[in-house]
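2 protein chains.
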Amino acid sequence: MSPVPTSSDRDVVSELTTGRLSVYLRCLTFLELQGQKTVSSAELADRFHLNSAQIRKDLACFGEFGTRGVGYDVSQLKQQLVQELGIDRTRNAVIIGAGNLGMALADYAGFNANGFHIVALLDIDPVKVGRTSRQGIPVLAYEQLDDVVRRNRVEIGIIAVTATAAQIVHDALVAAGLRAILNFAPVQLRLHEGVKVKSVDLRINLESLSFHLKKVEDGMT
Amino acid sequence: MSPVPTSSDRDVVSELTTGRLSVYLRCLTFLELQGQKTVSSAELADRFHLNSAQIRKDLACFGEFGTRGVGYDVSQLKQQLVQELGIDRTRNAVIIGAGNLGMALADYAGFNANGFHIVALLDIDPVKVGRTSRQGIPVLAYEQLDDVVRRNRVEIGIIAVTATAAQIVHDALVAAGLRAILNFAPVQLRLHEGVKVKSVDLRINLESLSFHLKKVEDGMT
């Protein structure tokens with residue numbers, strides 16, 4: 002067994018235990034768009050197939066208890082969640098790797114809005130440097146990493162390089178002072194103390210669809 | 002309120018409630034690679050920060066109870082999960098949209114392995130048709146959708162087009178007979194009865210990192 006913690010040990014878990022606040026935020030944004038002013042934990046639970054006791058417990062953690070018989074104020078609770086998630090101010094990010102994935106992420110709706118800003122893509126390929134994504138995010142030289150991070154107060158690094166290059170890039174991001182890394186490379190990274198790495202496993206979504214197809218085949222739905 | 006169910010109502014939930022089997026599968030694959038033969042639910046829970054009672058409950062659902070004092074046979078349990086997830090045979094998929102995202106997904110490790118096969122990318126842009134991804138997945142004309150699905154027994158459609166085009170593509174995939182759709186477009190789709198749509202929200206990962214940074218700022222870690 003490896004003495005060094007790897008991303009598989011830790012990140013495999015976050016899929017299950019984190020993200021509830023983000024889910025609540027999406028529900029509330031949806032209700033706000035529909036013009037709904039208040040919502041009870043029971044209604045939230047019912048409409049979005051969540052657990053009402055869990056909702057009350059999570060929200061009580063930051064002092065939101067709702068009003069008996071009325072529920073939570075939708076806009077106020079949404080604003081509270083935005084604050085709790087730390088996206089009430091903009092956090093800058095860089096993407097390492099200006100291949101198809103990096104370019105797609107640079108222009109991905111939600112990566113460049115409401116609390117996040119993609120400053121640049123960085124790549125070692127001189128042919129790519131100087132280009133921009135369709136939305137105009139510039140591709141800069143990877144050697145400028147430290148400089149770009151410092152000048153733009155970048156807080157988040159996004160790894161969109163091959164599995165082979167991912168560890169080197171990860172270590173460089175940490176050396177540049179970043180403490181939050183989103184990894185798209187299909188590889189177990191050796192982690193550094195105090196640095197949060199979130200690895201994205203897109204395959205899990207296909208497995209969920211396969212599970213559904215299998216249930217249909219087995220006549221269970 | 003919309004009378005038609007949208008993806009937000011339903012999919013926002015799956016983030017929380019599904020995926021446990023996939024997580025177990027990753028843990029077991031990891032242990033198998035390390036040469037470990039048996040594992041208890043307590044050890045699984047401890048090493049991967051899962052809940053041991055939940056693990057036992059989930060696995061008992063398909064008749065896996067382990068052996069008292071020994072635990073589960075790693076390889077056997079892994080094979081059982083592969084079967085439960087319906088990936089003991091290959092399921093074919095098509096990607097609609099051969100832009101940066103579609104191209105990245107076509108070559109994404111895990112989308113073309115162990116139970117999944119990307120047959121083709123489909124696009125309406127004649128300039129893109131005839132090209133291939135770096136790994137050699139062909140880009141075909143979108144008009145050929147029905148044909149490609151029928152000839153290759155495609156079961157899964159992956160939407161990698163803009164938000165504006167996503168609903169039309171979704172409806173075309175359903176009309177072509179698909180019952181499992183993975184949606185990357187940031188839009189709430191109107192769903193069809195009997196069709197499973199899984200929408201991927203990549204932003205949730207950034208929010209999780211922001212939450213961590215905020216905790217550090219607040220001196221909570």
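Chains as they are written, first to last, in my numbering: chain A, 2 to 222; chain B, 2 to 222. All C-beta atoms, glycine included, are put in the ideal place defined by N, C-alpha and C.
| Query | Result |
| --- | --- |
| Could you check whether B:E44 and B:G72 sit closer than 8 Å to each other, using their CB atoms as the reference points? | yes |
| Considering only their Cβ atoms, is the gap separating A:E85 from A:F117 smaller than 8 Å? | no |
| Please compile the residues from chain B whose C-beta is within a distance smaller than 7 Å of the C-beta of A:T33. | Rather than Thr, the amino acid found at residue 33 of chain A in this sequence is Glu. Within 7 Å Cβ-Cβ: nothing; A:E33 doesn't reach chain B, min ~12 Å. |
| Roughly how far, in whole angstroms, is the beta-carbon of A:V150 from the beta-carbon of A:L141, given that I think they are within contact range, below 8 Å? | That pair is no contact at about 11 Å. |
| Which chain D residues sit within Cβ distance under 8 Å of A:V201? | The chain labelled as chain D is not found among the protein chains of the depicted structure, namely A and B. |
| Please state whether DSSP places B:D108 in a helix, a strand or coil. | coil |
| Does DSSP put A:A181 in a helix, a strand or coil? | strand |
| Which word fits A:L34, buried or exposed, when buried means at least 16 other C-beta atoms lie within 10 angstroms of its C-beta? | exposed |
| Tell me which residues of the segment 143–165 of chain B have at least one Cβ-Cβ distance to chain A shorter than 9 Å, keeping chain order. | E156, I157, I159, A161 and A164 |
| How would you label A:T18, buried or exposed, when you count the other beta carbons within 10 angstroms and need 16 or more for buried? | For A:T18, the predicted structure reports a pLDDT of 42, less than 50, and the residue's modelled location is therefore unreliable. A value from the coordinates is still provided. So A:T18 ends up on the exposed side. |
| For B:N93, which beta-bridge partners are listed by DSSP? | B:H118 and B:V155 |
| Hey, does B:P139 have any beta-carbon neighbour from chain A nearer than 8 Å? | no |
| Any idea if A:K199 is buried or exposed, counting beta-carbon neighbours within 10 angstroms, 16 or more meaning buried? | buried |
| List the residues of chain A that B:N93 touches, going by C-beta distances under 7 Å, in chain order. | By Cβ distance, chain A contributes nothing, its closest Cβ being about 11 Å from B:N93, past 7 Å. |
| Nearest chain A C-beta to B:S209 closer than 8 Å, yes or no? | yes |
| Going by DSSP, what residues sit across from A:K197 in a beta bridge? | A:A181 |
| Return the CA-CA distance between B:S42 and B:I56, expressed in angstroms with no decimal places. | 6 Å |
| In angstroms, rounded to a whole number, what distance separates the CA positions of A:I97 and A:V162? | 7 Å |
| When you compare only the Cα positions, how much space is there between A:R204 and B:L26? | 12 Å |
| Along the segment 99–118 of chain B, what residues have a CB closer than 9 Å to any CB found in chain A? | G100, N101, L102, G103, M104, A105, L106, A107, D108, Y109, A110, G111, F112, A114, N115, G116 and F117 |
| Looking at the unbroken alpha helix (DSSP H) that takes in A:V140, where does it start and where does it end? | Note, A:V140: premise wrong, no alpha helix (DSSP H); beta strand (DSSP E) at V140 to A142. |
| Apart from the five residues on each side of it in sequence, which residues of its chain come closer than 7 Å, Cβ to Cβ, to A:I125? | Y143 |
| Should the segment 151–159 of chain B be regarded as contacting the segment 175–185 of chain B, the criterion being three or more beta carbon pairs within less than 8 Å? | yes |
| Quick check on this structure: which residue in B:N52, B:F31, B:V130 and B:V40 has the alpha carbon closest to the alpha carbon of B:R21? | B:N52 |
| For B:A164 and B:V188, what's the separation of their Cα atoms in angstroms? | 6 Å |
| Run down chain B in chain order and give the residues with a C-beta less than 9 Å from the C-beta of A:L45. | The contacting residues do not exist; A:L45 stays about 11 Å from chain B at best. |
| Please go through the segment 50–84 of chain A and give each complete alpha helix (DSSP H) segment of 4 or more residues, from N-terminal end onward. | 53–61 |
| Using a Cβ-Cβ distance cut-off of 8 Å, determine whether B:L17 contacts chain A. | Reliability of the predicted coordinates at B:L17 is poor, the pLDDT of 42 falling under 50, and no value is obtained from them. |
| Going along chain A in order, which residues have a C-beta closer than 8 Å to the C-beta of B:H171? | Correct list: empty, because the minimum Cβ distance to chain A is about 14 Å. |
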